[in-house]
Amino acid sequence: MNPQVVGIDELGGTYVFDIRTSNRTLKLNRFFWNMIRAEARNEYIEDAELSMTQAGLTDDEKDMIRRLDWIGLVRYGANFFVLEKFARVVKTPNLVVYALMRGQSFEDFMQTRQVPTMR
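The sequence shown begins at 107 in the working numbering and counts up by one.
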């Protein structure tokens, strides 16, 4: 194990994204990154299954995407920043994604903010 991450499992909500994770999830993260291109967004909207298959995603990866399992994707190794790009495609605001990543409802999450009435 990389000595830099020894004990990381003791920090709740922390998920290692190292070279091994990066290599294992390359196709998944590339799929999300490609959502910066209008063509990729349109292809996903028109036929999500075909889009995911053409990207070479595994059945498990496709399932997490179908369910919009944000925290599952992060735990699996999806890069947080490319997930934000995908959230736009599926019309999910960042704050909603952040709440779901914390295992909270949007309303409960907003109560943890310094200005809970700002949306």
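We put the beta carbon where it would ideally sit given N, CA and C, even for glycine.
Self-check item: N164 versus V221: straight-line alpha-carbon distance, rounded
Solution: A small correction: the amino acid at residue 164 is Thr; Asn does not occupy that position in the sequence shown. T164 and V221: Cα-Cα distance of roughly 40 Å.
Decide yes or no for the touch test of the region 142-162 against the region 175-184: beta carbon pairs closer than 8 Å, at least 3 of them. no
*asked:* For V122, which residues in the same chain have their Cβ closer than 7 Å to its Cβ, ignoring the five residues on either side in sequence?
replied: V111, I114
ask   = Between W176 and L206, is the Cβ-Cβ spacing less than 8 Å?
value = yes
Q. Between G178 and the rest of its own chain, which residues show a CB-CB distance below 8 Å, the 5 nearest in sequence each way excluded?
A. M170
Check your understanding: Would DSSP call T164 helix, strand or coil?
Key -> coil
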